[in-house]
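Student: Below is a structure I'd like to ask you about.
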Ligand code: MSP
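Numbering (the numbering used here), first residue to last: 154 to 655.
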């Protein structure tokens with residue numbers, strides 16, 4: 154059995170999550186669910202990033218102690234993910250003792266290995282980015298290129314990490330691992346940053362104390378990114394359960410947004426090398442969900458909460474839209490028109506229509522008992538192609554293509570029914586063959602949509618009379634034509650996706 158360890162970034166608890174955060178989490182969840190379907194041993198990790206100046210200030214603005222604030226905010230992420238049917242295996246908070254222990258061990262190891270030294274730092278710091286900028290990276294007037302705000306001058310005694318010593322090792326590592334960062338342009342972005350020259354970086358702060366203490370110097374706390382990245386190894390037992398750690402590391406899949414490439418594709422692999430472990434095997438970079446052309450963010454004008462959307466459209470349609478309409482790697486504009494159009498076209502008119510017409514006609518022509526599929530149906534060949542394409546697409550990290558392919562099978566089955574018109578024919582073997590094959594397609598579709606729409610999958614499964622759960626099926630075996638046994642009670646229910654009028 155292979156292992157599949159997938160992570161999302163851990164989110165800052167500055168505010169409750171928005172749909173931009175949900176985009177990463179839903180994609181990771183769908184990938185995790187796909188890998189469970191193919192029988193992999195999956196570990197899916199998400200969580201919250203709770204230290205640093207940004208979070209400390211958010212707490213201060215609310216008149217709260219930082220921990221009081223993060224204790225309030227972190228559960229809102231967990232709740233939002235439960236509301237989107239996210240099945241993570243662990244939820245890490247960087248304020249947990251297990252994480253403090255791992256950070257202190259990881260960084261002590263780097264220190265023992267000689268890659269940390271003390272110096273005075275003076276620089277321009279952007280609190281929303283939680284990083285220093287060099288003067289030549291700034292916009293005219295000294296503004297942050299991301300947030301377009303003036304930066305704060307900080308001067309303090311810091312510990313530094315010798316990132317500069319890892320330029321050549323990183324170049325060599327990327328040469329030996331060509332598929333480590335996808336898509337390719339993002340790999341090139343990371344590499345050109347490395348080749349442009351790496352400076353040592355400051356990794357501790359004395360001006361704030363909201364962080365993990367440096368074990369060998371109590372006056373310092375670790376810089377938030379240096380603490381946060383380590384969450385990925387904390388959760389699999391770094392420094393606490395070596396056997397478990399060795400089982401899961403380094404073959405991890407980090408799913409991240411494009412603005413944090415430098416941290417994950419330059420700093421993090423260098424930190425791993427310095428600590429004497431392998432760098433993460435895969436980083437998949439995705440684009441941004443945009444609202445009115447801008448990145449959806451925490452500012453009140455362009456944030457939408459996941460709950461607002463699921464109340465309006467339902468959980469599975471929101472998941473489906475995020476996966477189907479914004480290919481991993483590209484930016485995508487979010488709009489009510491876009492989600493409604495996708496809902497009507499794919500869910501109401503295609504999948505919902507197929508389920509309702511098949512269950513209705515089985516009711517009227519077969520006394521509600523589903524017939525067995527036709528082994529020679531033309532749809533058997535389509536289904537085999539679709540299974541192969543869908544598998545290849547998930548493997549390539551392209552959920553939108555996986556779903557597009559699955560919908561081809563739905564579409565072809567609807568077309569086949571329109572040609573055969575079993576609703577007009579006399580009951581008998583010909584009608585049974587057509588309906589049995591359509592039921593078999595519904596069985597296959599229920600399995601293939603598990604990653605995107607878990608409860609829809611269960612409902613289709615139940616209505617066509619199958620017992621057990623589609624998520625418990627195992628591909629490729631469950632994808633072989635002919636699995637629907639026939640002779641099952643088929644239920645005609647309310648439309649799964651009533652057509653929207655907007
Ligand atoms: N705390 C750091 C990550 C540390 S990981 C060791 C951080 N947090 S964040 O709250 O700002 O979330 C960043 C991630 O949220 C992005 O990388 C991306 O995965 C997701 N997104 C936030 N806004 C987004 C969009 N508008 N669109 C798509 N994803 C977005 O950075």
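Each residue gets a CB set at the ideal place from its N, CA and C atoms; glycine is no exception.
Does the beta-carbon distance from residue 596 to residue 563 come in below 9 Å?
Tutor: No, Cβ-Cβ distance for residue 596 and residue 563 is not below 9 Å.
Student: Going by DSSP in three states, residue 258 sits in which element: helix, strand or coil?
Tutor: If DSSP states are grouped into helix, strand and coil, residue 258 belongs with the helices.
Student: So is residue 496 buried or exposed if we call it buried at 16+ other beta carbons inside 10 Å?
Tutor: By the neighbour-count rule (16 or more Cβ atoms within 10 Å), residue 496 is buried.
Student: Between which two residues does the alpha helix (DSSP H) holding residue 418 run?
Tutor: Taken as a continuous stretch (DSSP letters only), residue 418 belongs to no alpha helix (DSSP H), as it is neither H nor E.
Student: So who's on the other strand from residue 311, going by DSSP bridges?
Tutor: Beta-bridge pairing links residue 311 to 272.
Student: List the endpoints of the continuous beta strand (DSSP E) containing residue 245.
Tutor: Segment 243-246, the beta strand (DSSP E) holding residue 245.
Student: As a quick exercise: from 493, 484, 486 and 450, pick the residue whose alpha carbon is nearest that of residue 465.
Tutor: Closest option to residue 465, Cα to Cα, is 493.
Student: DSSP on residue 200, reduced to helix/strand/coil?
Tutor: Residue 200: strand per DSSP, three-state reduction.
Student: Three or more C-beta pairs closer than 8 Å, one from the segment 607-626 and one from the segment 643-652: is that the case here?
Tutor: The segment 607-626 is in contact with the segment 643-652.
Student: What three-state label does DSSP hand residue 517 in the structure shown?
Tutor: The answer is helix: DSSP assigns residue 517 an H, G or I state.
Student: For the ligand MSP, is there any heavy atom lying closer than 8 Å to the beta carbon of residue 387?
Tutor: Every heavy atom of the ligand MSP is 8 Å or more from the Cβ of residue 387, so no.
Student: Judging by CA-CA distance, which residue of 411, 561, 472 and 204 is the nearest neighbour of residue 336?
Tutor: Comparing Cα positions, the closest option is 411.
Student: Considering just the uninterrupted stretch of the beta strand (DSSP E) at residue 410, what are its terminal residues?
Tutor: Per DSSP, residue 410 belongs to the beta strand (DSSP E) from 405-410.
Student: Suppose you measure from the CA of residue 245 to the CA of residue 199; what does that come to, to the nearest Å?
Tutor: Spanning the two alpha carbons is a distance of roughly 6 Å.
Student: Considering Cα atoms alone, identify which of 230, 184, 397 and 194 is closest to residue 168.
Tutor: Looking at the Cα atoms, 230 is the closest of the given residues.
Student: Would residue 276 and residue 286 qualify as a contact pair, given that the criterion is a beta-carbon distance under 9 Å?
Tutor: Yes, these two residues count as a Cβ contact at 9 Å.
Student: Based on the DSSP output, what are the partners of residue 442 in its beta bridges?
Tutor: Partner(s): 485.
Student: Can you say whether residue 585 is buried or exposed, counting buried as having 16 or more other CB atoms within 10 angstroms of its CB?
Tutor: Residue 585 should be labelled buried.
Student: Buried or exposed for residue 207, going by 16 or more other Cβ atoms inside 10 Å?
Tutor: Buried is the call here.
Student: Can you give the Cα-Cα distance for residue 173 and residue 450, rounded to whole angstroms?
Tutor: Rounded to the nearest angstrom, the two C-alpha atoms are 7 Å apart.
Student: Give a single yes or no on whether residue 224 has its beta carbon closer than 8 Å to a heavy atom of the ligand MSP.
Tutor: False, no ligand heavy atom lies under 8 Å from that Cβ.
Student: Check whether the segment 212-221 and the segment 470-488 touch, using three or more Cβ-Cβ pairs below 8 Å as the test.
Tutor: No, the segment 212-221 is not in contact with the segment 470-488.
Student: Which same chain residues, not among the five before or five after residue 593, have their C-beta less than 6 Å away from its C-beta?
Tutor: Only 526 and 637 meet the Cβ criterion.
Student: State buried or exposed for residue 654, treating a residue as buried only when at least 16 other CB atoms are found within 10 Å of its CB.
Tutor: Burial call: exposed.
Student: Would you list the residues sitting across from residue 435 in a DSSP beta bridge?
Tutor: Looking at the DSSP assignment, residue 435 forms a beta bridge with 406.
Student: Here's the rule I'm using: 16 or more other beta-carbon atoms within 10 Å means buried, otherwise exposed. How should residue 225 be labelled?
Tutor: By the neighbour-count rule (16 or more Cβ atoms within 10 Å), residue 225 is not buried but exposed.
Student: Could you pull the DSSP bridge partners for residue 641 from this structure?
Tutor: Partner(s): 523.
Student: How many Å lie between residue 228 and residue 238 at the Cα?
Tutor: Roughly 15 Å separates the two Cα atoms.
Student: So does residue 445 have its beta carbon nearer than 8 Å to some heavy atom of the ligand MSP?
Tutor: No - the ligand MSP has no heavy atom lying nearer than 8 Å to the Cβ of residue 445.
Student: In terms of residues, what are the limits of the beta strand (DSSP E) holding residue 159?
Tutor: 156-160 is the span of the beta strand (DSSP E), which, as asked, contains residue 159.
Student: Helix, strand or coil for residue 232, going by three-state DSSP, please let me know.
Tutor: Three-state DSSP puts residue 232 in a helix.
Student: Bridge partners of residue 448, per DSSP?
Tutor: Paired residues: 443.
Student: With DSSP as the reference, label residue 278 as helix, strand or coil.
Tutor: In the structure shown, residue 278 sits in a strand (DSSP, three-state: E or B).
Student: Please tell me whether, using a cut-off of 8 Å, the distance from the CB of residue 165 to the nearest non-hydrogen atom of the ligand MSP is below it.
Tutor: Yes, the Cβ of residue 165 comes within 8 Å of a heavy atom of the ligand MSP.
Student: Taking 8 Å as the cut-off, is the CB of residue 424 close to at least one heavy atom of the ligand GTP?
Tutor: Although the ligand GTP was asked about, the structure shown includes only the ligand MSP as ligands.
Student: Looking at the unbroken beta strand (DSSP E) that takes in residue 375, where does it start and where does it end?
Tutor: Start and end: 370-375.
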